[in-house]
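Residue numbers (this note's numbering): 49 to 287. The beta carbon of each residue, even a glycine, is placed where N, CA and C say it ideally should be.
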């Protein structure tokens, strides 16, 4: 180690590496530096609020169901108001349908689909996303779209994949009366023997399953992006 004093300055070095330095104040040399506190990351006890955010801002009822068998550590914990959920989950009063609550007996007997637009393009350039929901199992598939006319491409991909996975045939589709479901889309359904049910115009509530799932997805995405302080362009990654 080498100490050097001169010009009102002090320097401590080892070879070409400067270990410390200081300057003269009065009759003393004061070392210049920062105080570093020894800190470590400590794992905190898991809370209901933490799991609420981990699970895409799941409802309090959903967390209570999970707590019974899978998340014993949060059982009985209070659930505080989530400000990010207030940002993402404002909606209109639901519309009652006579057949609500009834499900088809078998998978792929009926699939609900709907295209949802977004206010911002995703990082990948998508402006929309289409959802496919099996009426029996309520399993959900989501495909980002750059344009609405890509819905047929997404449906063909979904159709081939889901029939191969399940070994079942898709029997019926239910959608709104949008223009993206006409022409080539209708022709494809007819050639594949798929019945296509369209709800009346201006009654999105009649396609309630798809509308509700799209609303849930949108709410979760907005809540997660709000919590992460990320711009809306990350919605594609959140979906």
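DSSP beta-bridge partners of residue i
| i | result |
| --- | --- |
| residue 243 | 220 |
| residue 261 | In the DSSP output, where bridge partners are listed per residue, residue 261 has none listed. |
| residue 73 | 76 |
| residue 182 | 159 |
| residue 51 | 60 |
Where residue i falls: helix, strand or coil (DSSP)
| i | result |
| --- | --- |
| residue 141 | In this predicted model, residue 141 has a pLDDT of only 49, less than 50, meaning its place in the structure is not dependable enough to derive any value. |
| residue 225 | coil |
| residue 130 | coil |
| residue 64 | coil |
| residue 8 | Residue 8 lies beyond the range of the chain shown here (49 to 287); nothing can be said about it. |
Test item: CB-CB of residue i and residue j under 8 Å
| i | j | result |
| --- | --- | --- |
| residue 269 | residue 258 | no |
| residue 168 | residue 283 | yes |
| residue 203 | residue 189 | no |
| residue 161 | residue 209 | no |
| residue 272 | residue 154 | no |
| residue 71 | residue 57 | yes |
| residue 194 | residue 175 | yes |
| residue 197 | residue 156 | no |
Exposure of residue i, with buried meaning 16 or more beta-carbon neighbours within 10 Å
| i | result |
| --- | --- |
| residue 55 | exposed |
| residue 185 | exposed |
| residue 178 | buried |
| residue 262 | buried |
| residue 53 | exposed |
| residue 66 | exposed |
| residue 207 | buried |
| residue 278 | exposed |
| residue 276 | exposed |
| residue 241 | exposed |
| residue 170 | buried |
| residue 76 | exposed |
| residue 50 | exposed |
| residue 78 | exposed |
| residue 256 | buried |
8 Å contact criterion, which residue i and residue j should meet: CB distance rounded
| i | j | result |
| --- | --- | --- |
| residue 226 | residue 163 | 7 Å |
| residue 221 | residue 245 | 7 Å |
| residue 172 | residue 192 | 7 Å |
| residue 80 | residue 62 | Going by Cβ atoms, the distance from residue 80 to residue 62 rounds to 18 Å, so no, they are not a contact pair. |
| residue 199 | residue 234 | The Cβ separation is near 12 Å, so there is no contact. |
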